[in-house]
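In the UniProt record's numbering, the protein residues as written are 1 to 180.
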């Protein structure tokens, strides 16, 4: 998991970048960065003169190549908590599931969601509010296994809403703040 410690500063530097997670990075730059990070997880990304979209693409690729941040055995419980009608109870239920995640995954998820929350605060610069970020990134974070196309078509709304809730309520879930 050493890679996830590397790009946050670089990604935060591109907080106003258009389509940071929506527009993929240059394929050649992605390959170069992946090799450099395998050689040295502490490589100075700025010295490589690589676009922030490339760093975001490599991060998404990294998450796709590892176990999901929210493990499959907790995803159904998370989605059930997300469907609780009363807001405060729903948020407490989601937070309870998040606390069952391994400490390493929890910290990585905390960093990632905090970054997405910061990014959503600059939506006037890049049109990526929490909803758009959630739609773009929930498959990367959850990577759910759907048994059929019909089940997938019926079930894609809730995961996006869960990730949007994590982004919008980041302070509550990860920083001990009251719900907003």
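Cβ coordinates follow ideal geometry from the N, Cα and C atoms, glycine included.
inquiry  = Below 8 angstroms on the Cβ atoms is my contact criterion, and I expect residue 117 with residue 170 to pass it. Report the Cβ-Cβ distance as a whole number of Å.
reply    = For the purposes of this step, residue 117 is identified with residue 117 of the chain shown, where counting begins at 1. For the purposes of this step, residue 170 is identified with residue 170 of the chain shown, where counting begins at 1. The Cβ separation is near 4 angstroms, so the contact holds.
task = To the nearest angstrom, report how far apart residue 125 and residue 58 are at their CA atoms.
result = For the purposes of this step, residue 125 is identified with residue 125 of the chain shown, where counting begins at 1. For the purposes of this step, residue 58 is identified with residue 58 of the chain shown, where counting begins at 1. Cα-Cα distance, rounded: 23 angstroms.
query = Nearest to residue 159 by CA position, among 176, 173, 168, 134, is which residue?
reply = Along the chain shown, read from residue 1 onward, the residue named residue 159 stands at position 159. Nearest option by C-alpha distance: 134.
inquiry  = Short of 7 angstroms in beta carbon distance, which residues of its chain neighbour residue 14, apart from the five on each side in sequence? Order them along the chain.
reply    = In the chain shown, residue 14 corresponds to position 14, counting from 1. Excluding sequence neighbours, residue 14 sits near 20, 52.
message = Taking 8 angstroms as the threshold (C-beta atoms), are residue 101 and residue 82 in contact?
response = Your numbering for residue 82 matches position 82 in the chain shown. Your numbering for residue 101 matches position 101 in the chain shown. Against a cut-off of 8 angstroms, the Cβ pair of residue 101 and residue 82 comes out as no contact.
ask   = Smallest Cα separation from residue 75: which of 138, 179, 8?
value = Mapped onto the chain shown, residue 75 falls at position 75. Looking only at 138, 179, 8, the smallest Cα-Cα distance to residue 75 is reached by 138.
ask   = Where does the unbroken alpha helix (DSSP H) through residue 82 begin, and where does it stop?
value = Here residue 82 refers to the residue found at position 82 of the chain shown. Where residue 82 is concerned, the enclosing alpha helix (DSSP H) stretches over 72-82.
request  = List the endpoints of the continuous alpha helix (DSSP H) containing residue 110.
outcome  = Within the chain shown, the letter at position 110 stands for residue 110. Here the alpha helix (DSSP H) through residue 110 covers 103-120.
Residue from 87, 99, 142, 43 with nearest C-alpha to residue 180 = Stepping through the chain shown from its first residue, residue 180 is reached at position 180. Here the closest residue by C-alpha is 87.
ask   = Nearest to residue 11 by CA position, among 115, 77, 106, 110, is which residue?
value = The residue given as residue 11 occupies position 11 in the chain shown. Nearest C-alpha to residue 11: 115.
task = Please name the residue, chosen from 40, 43, 34, 48, that lies closest to residue 65 on a Cα-to-Cα basis.
result = The residue you call residue 65 lines up with position 65 of the chain shown. The candidate whose alpha carbon is nearest that of residue 65 is 34.
inquiry  = Please report the straight-line C-alpha distance between residue 234 and residue 40, rounded to a whole angstrom.
reply    = One cannot answer for residue 234 here, as it falls past the ends of the chain, which runs 1 to 180.
task = Just the C-alpha distance for residue 24 and residue 84, rounded to the nearest angstrom, thanks.
result = Locating residue 24 in the chain shown gives position 24, counting from the first residue. Locating residue 84 in the chain shown gives position 84, counting from the first residue. Cα-Cα distance, rounded: 35 angstroms.
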